[in-house]
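Novice: Those protein sequence lines, which keep their order, are chains A and B. All letters in the first sequence, in the order written, are residues 7 to 139 by the working numbering. All letters in the second sequence, in the order written, are residues 7 to 139 by the working numbering. Think of the CB as a built atom: it goes at the ideal place given N, C-alpha and C, for glycine as much as any other residue. First the structure, then my questions, so here it is.
2 protein chains.
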Amino acid sequence: MRDVTSNVITIGELARRSGLSAYTIRFYESVGVLRPIRRAANGHRRYHRDDVLWLEFVLKLKRTGMPLAEIRQYAQRRARGESTLQPRLTMLKLHRKRLVIQMAELSKCASVLDGKIRTYRKTIAETKAKQKR
Amino acid sequence: MRDVTSNVITIGELARRSGLSAYTIRFYESVGVLRPIRRAANGHRRYHRDDVLWLEFVLKLKRTGMPLAEIRQYAQRRARGESTLQPRLTMLKLHRKRLVIQMAELSKCASVLDGKIRTYRKTIAETKAKQKR
DNA sequence: TCTTGACCTCGAGCGAACTCTAAGTTTTAG
DNA sequence: CTAAAACTTAGAGTTCGCTCGAGGTCAAGA
């Protein structure tokens, strides 16, 4: 059996842990969101601790609406080292601003929804009362 | 000149007001997100107050991540009248739950981002200090 | 009258993000 | 040793949500 407790894992195990499909993980590598992954002697991908951590961060960005093209740019700057710290910081700050806007949007929509839910409940209750009479 | 203050507006005016393109508005009608819009004698669409309000609500759902297929289903139930109140209520409650999850995701990501931004700032400051020496 | 611009329909095209197929190797369990 | 499961590649196909092009009508302004 494969050692699942190791800090070097296969693509299948990473898929299981991340909730992505192996297809998607390879796709992310092919578009440059993940750097070229180290291989075992047989050519199979081996994901290390740092790859896993990076993927987790990528998924955070993705789930909060950053497009893959932008994540790729960030990844490529990261790969180029410390000289790109400033532009990366700018990207993060920009995304943070978008999050704030998104959160405002969500909470506004939540209260609209709450209003609708309340009136729906009332209407349904009234309809039922009428039927009983 | 066209009367822009009226409560019956053209597709161009609605596009201007909603920020969507006229293409998109027609597309929404074609997929059933908007009901078939009333026409002027010449066949041009005329949007009334209720159409505009409905579109506003649709955009709230869309911006908070409800897929068009689901919005269409809601719209079609709405068109079928009071008998669909219960399933519509269920849909709204479901979407509300998703909003809560999304908001949690966003704020979690925001704090991760804040952490990164802080360490980036520090690293940049240190690098500059080193260069001065 | 002529031109410009806003509208119409239908169907094709596009970009993003996967998702899968095919054909081939390798690993692992029995 | 063999069968099934897990991996590899390249490239095709799918879904979603638009976005546009072609070709046509119609109305208002110069």
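In this structure, how does DSSP classify isoleucine 43 of chain B when only helix, strand and coil are distinguished?
Specialist: Translated into the one-based positions of the second sequence, residue 43 of chain B becomes position 37. Residue state, collapsed to three classes: coil.
Novice: At a CB-CB cut-off below 8 Å, which residues of chain B make contact with isoleucine 130 of chain A?
Specialist: To locate residue 130 of chain A, count along the first sequence from 1; it is residue 124. Within chain B, the residues near isoleucine 130 of chain A are Leu91, Gln92 and Leu95.
Novice: Are there 16 or more other CB atoms within 10 angstroms of the CB of threonine 125 of chain B, so buried, or fewer, so exposed?
Specialist: What you label residue 125 of chain B is simply residue 119 of the second sequence in a count that begins at 1. With fewer than 16 other Cβ atoms within 10 Å, it is exposed.
Novice: Identify the contact partners of valine 118 of chain A in chain B, using a Cβ-Cβ distance below 9 Å as the criterion.
Specialist: The residue labelled residue 118 of chain A in the question sits at position 112 within the first sequence. Correct list: Phe63 and Lys66.
Novice: Quick one: is threonine 70 of chain B buried, meaning 16 or more other Cβ sit within 10 Å of its Cβ, or exposed?
Specialist: Here residue 70 of chain B corresponds to residue number 64 of the second sequence, with the count starting at 1. Per the 10 Å Cβ criterion, buried.
Novice: Rounded to whole angstroms, what is the Cα-Cα separation between isoleucine 77 of chain A and leucine 67 of chain A?
Specialist: Your numbering for residue 77 of chain A matches position 71 in the first sequence. Your numbering for residue 67 of chain A matches position 61 in the first sequence. Looking at the two C-alpha atoms, the distance is approximately 7 Å.
Novice: If we ignore side chains and look at the alpha-carbon of each, how far apart do alanine 85 of chain B and methionine 109 of chain A end up?
Specialist: On the second sequence, position 79 is the one that residue 85 of chain B refers to. On the first sequence, position 103 is the one that residue 109 of chain A refers to. Cα to Cα, alanine 85 of chain B sits roughly 31 Å from methionine 109 of chain A.
Novice: Give the interface partners of tyrosine 126 of chain B over in chain A, defined as CB-CB distance under 8 Å, in chain order.
Specialist: Mapped onto the second sequence, residue 126 of chain B falls at position 120. Near tyrosine 126 of chain B (Cβ distances below 8 Å), the residues of chain A are Leu91, Arg94, Leu95 and Leu98.
Novice: With DSSP as the reference, identify every bridge partner of arginine 51 of chain B, one or two as the case may be.
Specialist: One-based indexing of the second sequence puts residue 51 of chain B at position 45. Bridge partners of arginine 51 of chain B: B/Arg45.
Novice: Answer with buried or exposed for isoleucine 31 of chain A, where buried requires no fewer than 16 other C-beta atoms within 10 angstroms of its C-beta.
Specialist: Numbered from its first residue, the first sequence carries residue 31 of chain A at position 25. With 16 or more Cβ atoms within 10 Å of its Cβ, isoleucine 31 of chain A is classed as buried.
Novice: Are the CB atoms of arginine 41 of chain A and arginine 52 of chain A within a distance shorter than 8 Å?
Specialist: Residue numbering aside, residue 52 of chain A sits at position 46 when the first sequence is read from its first letter. Residue numbering aside, residue 41 of chain A sits at position 35 when the first sequence is read from its first letter. In this structure, arginine 41 of chain A does not lie closer than 8 Å to arginine 52 of chain A by Cβ.
Novice: Can you list, in chain order, the residues of its chain whose CB lies under 8 Å from that of proline 93 of chain B, leaving out five sequence neighbours each side?
Specialist: As a working note, residue 93 of chain B is residue 87 in the second sequence. Excluding positions up to five away in sequence, the list reads Arg83.
Novice: If the cut is a Cβ gap below 9 Å, which residues of chain A does arginine 69 of chain B touch?
Specialist: Counted from its first residue, the second sequence places residue 69 of chain B at position 63. Within 9 Å Cβ-Cβ: Gln108, Glu111, Leu112 and Cys115.
Novice: What does the alpha-carbon distance come out to for the pair isoleucine 15 of chain A and isoleucine 43 of chain A?
Specialist: As a position in the first sequence, residue 15 of chain A is number 9, starting the count at 1. As a position in the first sequence, residue 43 of chain A is number 37, starting the count at 1. Isoleucine 15 of chain A and isoleucine 43 of chain A: Cα-Cα distance of roughly 11 Å.
Novice: Out of B/Leu98, B/Ala28, B/Ser24 and B/His50, state which residue places its alpha-carbon closest to the alpha-carbon of leucine 119 of chain A.
Specialist: What you label residue 119 of chain A is simply residue 113 of the first sequence in a count that begins at 1. Of the candidates B/Leu98, B/Ala28, B/Ser24 and B/His50, the one whose C-alpha sits nearest the C-alpha of leucine 119 of chain A is B/Leu98.
Novice: State yes or no: is the C-beta of serine 24 of chain B within less than 8 Å of the C-beta of leucine 59 of chain B?
Specialist: On the second sequence, residue 24 of chain B is found 18 positions in, with the first residue counted as 1. On the second sequence, residue 59 of chain B is found 53 positions in, with the first residue counted as 1. No, they are not a contact pair.
Novice: Counting only the same chain and skipping the five closest in sequence on each side, list residues whose C-beta sits under 8 Å from that of threonine 11 of chain B.
Specialist: Position 5 of the second sequence holds residue 11 of chain B. Excluding sequence neighbours, threonine 11 of chain B sits near nothing in its chain.
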